[in-house]
Amino acid sequence: MPAKPKPAALAAHPTTRKRLPPRFRKPFPLISALKSAPELNQDQGRFSSKKVKQLAESCRLNITKVNRMETGGRFPLVIAAAGRSSRFGRPKLLEVIPGQTITLIEHVVRECLAGDAGPIIVVLGPQASEPYGAIAARVATAGAHPLHVDPAPEEMRRSIEHGIGYVESCLIGSPDRPPDFIGFMPADLPAIEAAFVRELIAQCRGRQESLVRGVTREGRGLHPVALRWNDRGAIAELPKDAGLNALWQNPRLSRSDFFCAFESMRHDLDNPQDWQKFPFPRDRPGE
Numbered sequence: 085m086p087a088k089p090k091p092a093a094l095a096a097h098p099t100t101r102k103r104l105p106p107r108f109r110k111p112f113p114l115i116s117a118l119k120s121a122p123e124l125n126q127d128q129g130r131f132s133s134k135k136v137k138q139l140a141e142s143c144r145l146n147i148t149k150v151n152r153m154e155t156g157g158r159f160p161l162v163i164a165a166a167g168r169s170s171r172f173g174r175p176k177l178l179e180v181i182p183g184q185t186i187t188l189i190e191h192v193v194r195e196c197l198a199g200d201a202g203p204i205i206v207v208l209g210p211q212a213s214e215p216y217g218a219i220a221a222r223v224a225t226a227g228a229h230p231l232h233v234d235p236a237p238e239e240m241r242r243s244i245e246h247g248i249g250y251v252e253s254c255l256i257g258s259p260d261r262p263p264d265f266i267g268f269m270p271a272d273l274p275a276i277e278a279a280f281v282r283e284l285i286a287q288c289r290g291r292q293e294s295l296v297r298g299v300t301r302e303g304r305g306l307h308p309v310a311l312r313w314n315d316r317g318a319i320a321e322l323p324k325d326a327g328l329n330a331l332w333q334n335p336r337l338s339r340s341d342f343f344c345a346f347e348s349m350r351h352d353l354d355n356p357q358d359w360q361k362f363p364f365p366r367d368r369p370g371e
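Quick look at the structure:
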């Protein structure tokens with residue numbers, strides 16, 4: 085008796101267990117639920133957005149919706165933007181860039197898109213809870229995909245996991261091949277430059293290392309960073325209380341650092357004083 089053919093989605097995209105090295109066989113919860121659900125349409129090999137949302141809620145992901153995105157051969161980038169700006173005192177992602185008419189989150193998204201990253205997923209808290217609704221509107225206007233998560237992730241690591249799960253869900257039933265790398269970064273980076281993002285993507289081409297990042301002269305790592313798609317399971321294997329920086333201490337993950345000549349990329353933005361001191365383009369010498 086001939087073997088029963090696999091649904092189209094699973095035939096086109098081998099399961100996570102087959103694609104990942106043996107040490108990273110722990111799939112994300114949403115992808116596991118989608119593959120095991122008996123409601124999978126045997127003819128189309130895909131779920132409706134409603135079904136994906138129901139399964140996501142059962143996995144405690146509770147995402148708002150899943151849109152189809154072109155991901156094949158590209159560099160998906162997840163931006164963690166679910167923080168509440170408690171130290172800043174107001175929603176810093178909605179601060180208007182001095183001398184311009186766009187907000188910080190729009191600036192970050194535009195620079196990343198100009199650097200050839202995409203699709204860009206911006207992970208936010210619940211849509212009904214401000215300022216996430218207002219930020220989502222700016223994100224969409226800038227050309228990225230807002231992803232609402234309820235409750236809001238308290239750590240960047242959780243936001244990145246949700247973003248990766250979102251990309252995985254978009255690949256189900258899609259003819260697109262999985263990307264080679266996926267990038268991630270926090271949202272509050274006014275110094276982000278398209279040229280750096282473009283260089284990061286260029287550094288990933290042909291690389292076999294698990295992690296790729298730019299570093300300063302002092303060896304300080306910069307965002308965004310890139311993680312090989314087939315090694316994404318390493319995030320789920322981190323200790324419960326560990327942040328994403330722990331990936332660089334994992335001896336099983338090979339790493340590649342490249343020198344970054346963009347000096348302004350070293351600036352942080354934690355409070356209003358940082359914002360006032362930041363050398364925006366209008367204040368930079370020669371501009």
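Numbering of the sequence shown is given in my numbering, commencing with residue 85 and proceeding in unit increments.
Every residue, glycine too, gets a C-beta built ideally from N, C-alpha and C.
Note that the structure is predicted; figures quoted are calculated from it, not measured.
With distances taken Cα to Cα, identify the nearest neighbour of residue i among the options.
i, options, result
"residue 310", "345, 334 and 339", "339"
"residue 191", "271, 332 and 300", "271"
"residue 188", "307, 300, 275 and 344", "275"
"residue 298", "327, 318, 268 and 321", "268"
"residue 234", "248, 241 and 212", "212"
"residue 345", "220, 303 and 292", "303"
"residue 301", "327, 321, 282 and 341", "341"
"residue 228", "243, 257 and 194", "194"
"residue 202", "218, 278, 296 and 243", "278"
"residue 181", "256, 273, 160 and 263", "273"
"residue 307", "329, 325, 321 and 247", "329"
"residue 317", "294, 282 and 168", "294"
"residue 343", "248, 158 and 305", "305"
Which residues bound the alpha helix (DSSP H) around residue i?
i, result
"residue 191", "188-198"
"residue 278", "278-288"
"residue 391", "Limits of the chain in this structure are 85 at one end and 371 at the other, which puts residue 391 out of reach."
"residue 310", "Per DSSP, residue 310 belongs to no alpha helix (DSSP H); it is in the beta strand (DSSP E), 309-312."
"residue 317", "317-320"
Assuming residue i and residue j form a contact by the criterion Cβ under 8 Å, report the distance between their Cβ atoms to the nearest whole angstrom.
i, j, result
"residue 265", "residue 199", "The Cβ separation is near 14 Å, so there is no contact."
"residue 197", "residue 166", "Actually they are not in contact, since the Cβ atoms of residue 197 and residue 166 sit about 21 Å apart, beyond 8 Å."
"residue 232", "residue 216", "6 Å"
"residue 245", "residue 319", "6 Å"
"residue 230", "residue 220", "4 Å"
"residue 218", "residue 178", "6 Å"
Look up residue i in the DSSP assignment and give the residues it is bridged to.
i, result
"residue 297", "341"
"residue 230", "206"
"residue 267", "161 and 310"
"residue 305", "299"
Would you call residue i buried or exposed, if buried means 16 or more other Cβ atoms sit within 10 Å of its Cβ?
i, result
"residue 185", "exposed"
"residue 183", "exposed"
"residue 259", "exposed"
"residue 315", "buried"
"residue 237", "buried"
"residue 224", "exposed"
"residue 335", "exposed"
"residue 176", "buried"
"residue 286", "exposed"
"residue 43", "What is shown of the chain runs 85 to 371, which leaves residue 43 out entirely."
"residue 313", "buried"
"residue 204", "buried"
"residue 290", "exposed"
"residue 252", "buried"
"residue 261", "exposed"
"residue 323", "exposed"
"residue 222", "buried"
"residue 327", "exposed"
"residue 161", "buried"
How far does the beta strand (DSSP E) with residue i in it extend, from its first residue to its last?
i, result
"residue 181", "Element bounds for residue 181: n/a, residue is neither H nor E."
For residue i, verify whether its CB is less than 7 Å away from any heavy atom of the ligand GDP.
i, result
"residue 246", "You won't find the ligand GDP in this model; it holds no ligand whatsoever."
Chain D beta carbons: is any one of them nearer than 8 Å to that of residue i?
i, result
"residue 301", "No chain D is present in this structure, which holds just one protein chain."
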